[in-house]
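Using this note's numbering, the letters of the sequence shown correspond one by one to residues 219 to 618.
All residues carry an ideal CB built from backbone N, CA and C; glycine is no exception.
Because the structure is a prediction, the values reported are computed rather than measured.
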Amino acid sequence: MSRTSGGETKRSPAKPSAPSKKPTVAGLFAGVGGLEAGFHEAGYEAALLCEIDAAARKVLESRFAGTDVVGDVRTIKRLPPCTVLTAGFPCQDLSQVGRRKGITGPNSGLVHVLLDLLKIRRDAPEWVVIENVPFMLNLHGGRAIRFIADELESMGYSWAYRTIDAQAFGLPQRRRRVVLIASRDHDPRPALLGQDAGAPEKKPRGSHACGFYWTEGNTGLGWAIDAVPPLKGGSALHIPSPPAVWFPQRRLIAMPSIEDAERLQGFKAGWTLSTGDATRESRGQRWRMVGNAVSVPMAKWIAGRLSKSHGTYDDCGAMLAETGGWPSAAWSVGKKRRSADVSEWPVSVQRKHLAGFLEHQVIPLSKRATTGFLFRLKRSSLRYEEQFANDLAHHAKNAD
219 MSRTSGGETK RSPAKPSAPS KKPTVAGLFA GVGGLEAGFH EAGYEAALLC
269 EIDAAARKVL ESRFAGTDVV GDVRTIKRLP PCTVLTAGFP CQDLSQVGRR
319 KGITGPNSGL VHVLLDLLKI RRDAPEWVVI ENVPFMLNLH GGRAIRFIAD
369 ELESMGYSWA YRTIDAQAFG LPQRRRRVVL IASRDHDPRP ALLGQDAGAP
419 EKKPRGSHAC GFYWTEGNTG LGWAIDAVPP LKGGSALHIP SPPAVWFPQR
469 RLIAMPSIED AERLQGFKAG WTLSTGDATR ESRGQRWRMV GNAVSVPMAK
519 WIAGRLSKSH GTYDDCGAML AETGGWPSAA WSVGKKRRSA DVSEWPVSVQ
569 RKHLAGFLEH QVIPLSKRAT TGFLFRLKRS SLRYEEQFAN DLAHHAKNAD
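In structure tokens form, the structure reads like this:
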């Protein structure tokens, strides 16, 4: 400081403070960036994104401008420095409706690459976040989850996993996913298991819209009251298969638009339209990418939990069995493996009803598709409401 001739104190200009360094996230098997978008909303910067699908890479390059985006994960020699490593590794071999080849399958087996990258980096990420389908906990006697747990523990990681439903975050989509977080430096249990809202009571249908898979009808429906069933990337032939919605008050059977499908995953409408090309072919690609994506609000919740201290976690739960599938939630600290008594709803965010959530024009199901579904449904042993069948017939009669 100095004084002016008038005696007033003159302060030297303050030096600008150094900008705070944001935590960083590197995403393997990033898809269109659901996990990484959630982390970005929580204040993280993307250090690296890896996705082998060319169309999805275009989305990543558009939505994460300036971030290094690479293709084949097998070409990565070393992970960049990062706070969190995310990996929603391929689920085709672990899905209940997939090939069921397990953790050694050609797609899901790529988790080996992730684990190898962790082994060769001494300054490992502070956190590792892995996401996949719940069926992995039971397929082949739980071989997949045991393999991942064994590998992480051999590298000195503690881990915790939990099955989480995207509906908990205010989205009218029933989407259950297993999230596993691991760390060498922290106890992962308080972050992932320390918050629990409890699953809500099942609601009666009432007059609510209901989602279902119109491509099925022989052995299942994917029935969801006031929600849609899990959005899927497509059939085994990679043909997009959006769910249908029954609007009982309108006697209408229709599919949500791709824009609302993006919103059902927590993205902004238009997230996967990176080139401005809204052709029929690009819509098919967009449905596939959206169906393979991770729920953004779920990812944001995880990111927020990892960036805060949550104290300790009570040592409870039954020891995990040596054989057979594993429970919906569990943990390992000091190589002591136990189950966790938590629900699939860590939070319970109030949401709109499905009919009110859908903002864009729905697409009426065609006469042929409706008739075929109704035919399969009536020949099956599935239970369904008579009003549902009547409205299917009414829609088929009046559809183009």
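Item                                                                                                   : Value
Those residues which DSSP pairs with Asn616 across a bridge                                            : The partner list for Asn616 (beta bridge, DSSP) is empty, contrary to what the question assumes.
Bridge partner(s) assigned by DSSP for Tyr531                                                          : Paired residues: none, contrary to the question.
Between the CA atoms of Pro418 and Ser326 - distance to the nearest angstrom                           : With a pLDDT of only 46 at Ser326, under the threshold of 50, the placement of this residue in the model should not be trusted; the figure read from the coordinates follows. Roughly 33 Å separates the two Cα atoms.
Reduced DSSP secondary structure (H/G/I, E/B, other) of Ala273                                         : helix
Whole-number beta carbon distance between Leu583 and Lys471, since they are thought to touch under 8 Å : Here residue 471 turns out to be Ile, not Lys, going by the sequence shown. Between Leu583 and Ile471 the Cβ distance is about 5 Å, and since that is below 8 Å, they are a contact.
Residue environment, Ala539, which counts as buried when at least 16 other CB atoms sit within 10 Å    : exposed
Bridge partners - Gly268, DSSP secondary structure assignment                                          : For the record, residue 268 in the displayed sequence is Cys; it is not Gly. Its beta-bridge partners are Val288.
Whole-angstrom C-beta distance between Ser598 and Gly435, which should lie under 8 Å                   : 6 Å
DSSP three-state assignment for Val514, whether helix, strand or coil                                  : helix
Residues near Lys585 by beta carbon distance below 6 Å, same chain, minus five either side             : Ala614 and Ala617
Met507 Cβ short of 7 Å to the ligand ZN heavy atom set                                                 : Looking at this structure, you won't find the ligand ZN or any other ligand, since it has none at all.
Beta-carbon proximity of Met354 to Ile348, cut-off 8 Å                                                 : no
Beta-bridge partners of Cys428, as assigned by DSSP                                                    : Ile443 and Trp464
Proximity below 8 Å, CB of Gly484 to CB of Ser527                                                      : no
Thr433 - DSSP class collapsed to helix/strand/coil                                                     : coil
Anticipated Cβ contact below 8 Å, Ala386 with Ala415, distance rounded                                 : 7 Å
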